[in-house]
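Residue 294 in the working numbering sits at position 294 of the sequence shown, with consecutive numbering throughout. All residues carry an ideal CB built from backbone N, CA and C; glycine is no exception. Reading through the structure tokens given below for one structure.
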Amino acid sequence: GTAEVATDPMPPSVADGYVMLKERSDWPDPRKSKDDVVRDLEAAVARVPGNNYEFTQPIEMRMNELIAGVRSDIAVKVFGDDLELLRETGERIAKVLERIPGAADVKPEQVTGLPMLEVDIDRDALARYGLSQDDVQEVVRTAIGGSVAGQIFEGDRRFDIVVRLPEVLRVDFEALERLPILLPKHDAEAAGAREFVPLGAVAKLSIGTGPNQISRENGKRRVVVTANVRGRDIGSFVAEAEQRIRADVELPTGYWSTWGGQFEQLQSASRRLQIVVPLALLLIFGILAAIFGSARDAAIVFSGVPLAWTGGIVSLLLRGIPLSISAGVGFIALSGVAVLNGVVMISFVSELRREGRSIDAAVREGALTRLRPVLMTALVASLGFVPMAISTGAGAEVQRPLATVVIGGILSSTALTLLVLPVLYRQFAARGD
Numbered sequence: 001g002t003a004e005v006a007t008d009p010m011p012p013s014v015a016d017g018y019v020m021l022k023e024r025s026d027w028p029d030p031r032k033s034k035d036d037v038v039r040d041l042e043a044a045v046a047r048v049p050g051n052n053y054e055f056t057q058p059i060e061m062r063m064n065e066l067i068a069g070v071r072s073d074i075a076v077k078v079f080g081d082d083l084e085l086l087r088e089t090g091e092r093i094a095k096v097l098e099r100i101p102g103a104a105d106v107k108p109e110q111v112t113g114l115p116m117l118e119v120d121i122d123r124d125a126l127a128r129y130g131l132s133q134d135d136v137q138e139v140v141r142t143a144i145g146g147s148v149a150g151q152i153f154e155g156d157r158r159f160d161i162v163v164r165l166p167e168v169l170r171v172d173f174e175a176l177e178r179l180p181i182l183l184p185k186h187d188a189e190a191a192g193a194r195e196f197v198p199l200g201a202v203a204k205l206s207i208g209t210g211p212n213q214i215s216r217e218n219g220k221r222r223v224v225v226t227a228n229v230r231g232r233d234i235g236s237f238v239a240e241a242e243q244r245i246r247a248d249v250e251l252p253t254g255y256w257s258t259w260g261g262q263f264e265q266l267q268s269a270s271r272r273l274q275i276v277v278p279l280a281l282l283l284i285f286g287i288l289a290a291i292f293g294s295a296r297d298a299a300i301v302f303s304g305v306p307l308a309w310t311g312g313i314v315s316l317l318l319r320g321i322p323l324s325i326s327a328g329v330g331f332i333a334l335s336g337v338a339v340l341n342g343v344v345m346i347s348f349v350s351e352l353r354r355e356g357r358s359i360d361a362a363v364r365e366g367a368l369t370r371l372r373p374v375l376m377t378a379l380v381a382s383l384g385f386v387p388m389a390i391s392t393g394a395g396a397e398v399q400r401p402l403a404t405v406v407i408g409g410i411l412s413s414t415a416l417t418l419l420v421l422p423v424l425y426r427q428f429a430a431r432g433d
């Protein structure tokens, strides 16, 4: 049901259950991953009929609700007018999503299934009895919903007097069909007794299903199909899902779909990174040019960035970690560390050349002398990220990609600084001279 402080805009049919995990050392098999535990839980609850389950984390769920209005990683929002057509389209989209690798907890929004009493009025019978539709509706409204017949006063308080059938009769079809409806009084009758006709003679009563909820967004009806993504990145999942939905699901005219959930934040963060990353690289190059006073030397040091990124990408592939926003932030941090090692090397070689050493002697002595500082800088930066790279606790999904990129990139950039960078400096500095 609804909490005392109703912070969740959810129907009573939706509830949250929390599973508190013990310390990993207390698990029967400590080698199990969290994904394995979730799969075991899914297999256990799948045997309980009549329920739909969705596995997520409390903070993640709250953030998804606050940012995108859905509880899952991704959501397909279908907009239109006809609720039944929206439901059918949502179910077709859900079937497509279930067949995509990485999809989990796929379910369309439950918009129907609410039991309703349907009163189907026979208009021909109304005409024979001389009744109007309002006459029948007034009886049904009073018997089931109740009508205000007056007020009662207690001091300065007023209470409505409501007339309606008791609960036991309001759910009894036979009793409802016997409700008397007063026939209209003919002009020829002076004051004689008026006749009644039972409700069942002019209407058919039945139990049907009606809308469970009608959701709107930007003034338009919508149905949401939600899903979680496990074992792959959200970007590639959505790209494949969009392609399959376009091929297998034809939206009716006047209906359209959009993507929501964390994918919205992925798109927003990707757009920001498209601005931040080039700006950061340009700023790094500008600082290098200001330090060395030469665009040539700045470009030589800046060449450490591509090889460092190569190491970061290879490390992600080896660990099977998808490219994410946290990994993108790791690439930015990696660029600074890679450039730092290059600055240590090239600034010392340039100082030796200003002292009168030949270019070959300066490069050789600079590479040997700065070997220890470069290795220490690389080791400090890489070893500091090892706990993050192997973490399995809270926030590990953010820490692991960032640390993996930095460690792998530092290894490759260190090799560049010690082996390739002196060769590049020897080649291009000699040309400049």
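The beta carbons of residue 35 and residue 230 sit about 6 Å from each other, so the pair counts as a contact at 8 Å.
Taking 4 residues as the shortest admissible run, the segment 348 to 416 contains the following complete alpha helix (DSSP H) segments, listed from N- to C-terminal end: 359 to 369, 371 to 383, 386 to 389, 396 to 415. In its chain, beyond the 5 residues on either side, 38, 41, 42, 104, 105, 228 have a beta carbon closer than 8 Å to the beta carbon of residue 55.
It is roughly 44 Å from the alpha-carbon of residue 160 to the alpha-carbon of residue 53. Within its own chain, the residues whose Cβ lies closer than 7 Å to the Cβ of residue 244, once the five positions on either side in sequence are excluded, are 96, 100, listed in chain order. The Cβ atoms of residue 279 and residue 309 do not sit closer than 8 Å to each other. Within the DSSP secondary-structure output, residue 182 pairs in a beta bridge with 196.
For residue 151, the enclosing beta strand (DSSP E) stretches over residues 147 to 154. Taken through DSSP and simplified to helix, strand or coil, residue 77 comes out as strand. Collapsing the DSSP output to three states places residue 257 in a strand. Excluding five sequence positions before and after residue 83, the CB atoms of its chain that fall closer than 7 Å to its own CB belong to 111, 211, 214, 221, given in chain order. Within its own chain, the residues whose Cβ lies closer than 8 Å to the Cβ of residue 207, once the five positions on either side in sequence are excluded, are 115, 116, 117, 118, listed in chain order. Here residue 25 carries a helix assignment [DSSP, helix/strand/coil].
One alpha carbon belongs to residue 361, the other to residue 426, and they sit about 10 Å apart. The segment 244 to 253 and the segment 292 to 311 do not touch, with fewer than 3 CB-CB distances between them shorter than 8 Å. With contacts defined as CB atoms closer than 8 Å, residue 402 and residue 388 qualify as a contacting pair. Taking C-beta separations shorter than 8 Å and ignoring five residues to either side along the sequence, the partners of residue 162 in its chain run 146, 147, 148, 149, following chain order. In this structure, DSSP gives residue 95 a helical state, which the three-state scheme calls helix.
Taking a C-beta distance under 8 Å as the contact criterion, residue 260 and residue 70 qualify as a contact pair. DSSP places residue 50 outside both helix and strand once states are collapsed to three, so it counts as coil. The C-beta distance from residue 94 to residue 223 rounds to 10 Å, too long to meet the 8 Å contact threshold. By a beta-carbon distance limit of 8 Å, residue 349 does not contact residue 330. Their separation comes to about 29 Å. Per DSSP, reduced to three states, the secondary structure at residue 125 is helical.
Membership of residue 138 in the alpha helix (DSSP H) is indicated by the continuous run 133 to 140. In terms of CA proximity to residue 328, 270 leads the group 413, 92, 370, 270.
CA-to-CA, the gap between residue 418 and residue 344 works out to about 11 Å. Residue 206 has 118 as its beta-bridge partners, per DSSP.
Assigned with DSSP and collapsed to three states, residue 72 falls in coil, not helix or strand. Here residue 77 has 222, 224, 258, 260 as same chain residues with Cβ atoms under 6 Å from its own Cβ, once five neighbours each way along the sequence are excluded. Residue 56 carries a coil assignment under DSSP once its states are collapsed to helix, strand and coil. Between residue 311 and residue 413, the gap from beta carbon to beta carbon is short of 8 Å. Contact between residue 109 and residue 130 is absent: CB atoms are separated by about 46 Å, not below the 8 Å threshold. Under a 10 Å Cβ-count criterion, residue 72 is classified as buried, with 16 or more other Cβ atoms of the shown protein chains found around its own Cβ. Using a 10 angstroms sphere on the CB of residue 237, the tally of other CB atoms reaches 16 or more, which defines it as buried.
A Cβ-Cβ distance of about 15 Å is found for the pair residue 342 and residue 411, leaving them out of contact under the 8 Å criterion.
Under the DSSP assignment, residue 108 falls in the beta strand (DSSP E) whose first and last residues are 103 to 108.
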